[in-house]
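Q: Residue 88 in our numbering sits at position 78 of the sequence shown, and the numbers go up by one each step.
Dropping a structure here in structure tokens format, bear with me for questions.
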Amino acid sequence: IDFITLERMVVKPKYQGKGYGSQALREILAATEGDASIIPTSHQRIHLSTQDDRNVTFYRRLGFEVVNESDIVDTETSDPSYYFHNWDMYANVHEVREHLRSK
């Protein structure tokens, strides 16, 4: 495995679009820069999954690329309310750091 995974990042709706998500990611990546115990040097990519198309736009602005899209359905119950579209995205750690520094 040569990547780290951003598991969950949530910004309350009333704070969205105000730079809080970018600031949080900027601080996380700045705090881990040069610390191989947190992000090993072999892990040069960040992976994330999102089910919200607005997040795809946000992460693309930070340098992430969509590498896979899939539809998730509850196959056990066939419950149509349990359906969502998923985007898997990757970015280079260093490129995201540089992009966030320039903002």
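A virtual CB, placed ideally from N, CA and C, is assigned to each residue, including glycine.
Just reading off the beta strand (DSSP E) that residue 55 is part of, what are its end residues?
A: One-based indexing of the sequence shown puts residue 55 at position 45. Counting along the chain, the beta strand (DSSP E) containing residue 55 begins and ends at 55-60.
Q: Going by DSSP in three states, residue 92 sits in which element: helix, strand or coil?
A: Taking the first residue of the sequence shown as position 1, residue 92 is located at position 82. Residue 92 falls in the coil class under three-state DSSP.
Q: Which class does residue 15 belong to by DSSP, given the choice of helix, strand or coil?
A: Here the question's residue 15 lines up with position 5 in the sequence shown. Residue state, collapsed to three classes: strand.
Q: When you compare each of 64, 85, 42 to residue 104 by their alpha carbons, which one comes out closest?
A: In the sequence shown, the residue the question calls residue 104 occupies position 94. Among 64, 85, 42, the Cα nearest to that of residue 104 is on 42.
Q: Could you tell me the alpha carbon to alpha carbon distance between residue 25 and residue 68, rounded to whole angstroms?
A: Translated into the one-based positions of the sequence shown, residue 25 becomes position 15. Translated into the one-based positions of the sequence shown, residue 68 becomes position 58. Cα to Cα, the separation comes out at about 14 Å.
Q: Less than 8 Å separating the beta-carbons of residue 79 and residue 102?
A: Taking the sequence shown and counting its residues from 1, the one referred to as residue 79 is at position 69. Taking the sequence shown and counting its residues from 1, the one referred to as residue 102 is at position 92. No, Cβ-Cβ distance for residue 79 and residue 102 is not below 8 Å.
Q: Measuring alpha carbon to alpha carbon, tell me which of 18, 28, 22 ends up nearest residue 38.
A: Indexing the sequence shown from 1 puts residue 38 at position 28. For the residues 18, 28, 22, the minimum Cα distance to residue 38 belongs to 18.
Q: With 16 as the cutoff for other CB atoms within 10 Å, does residue 60 come out buried or exposed?
A: Taking the sequence shown and counting its residues from 1, one reaches residue 60 at position 50. That one is buried.
Q: Short of 8 Å in beta carbon distance, which residues of its chain neighbour residue 54, apart from the five on each side in sequence? Order them along the chain.
A: For the purposes of this step, residue 54 is taken as residue 44 along the sequence shown, with counting starting at 1. The answer, listed in chain order, is 12, 13, 102, 103, 104.
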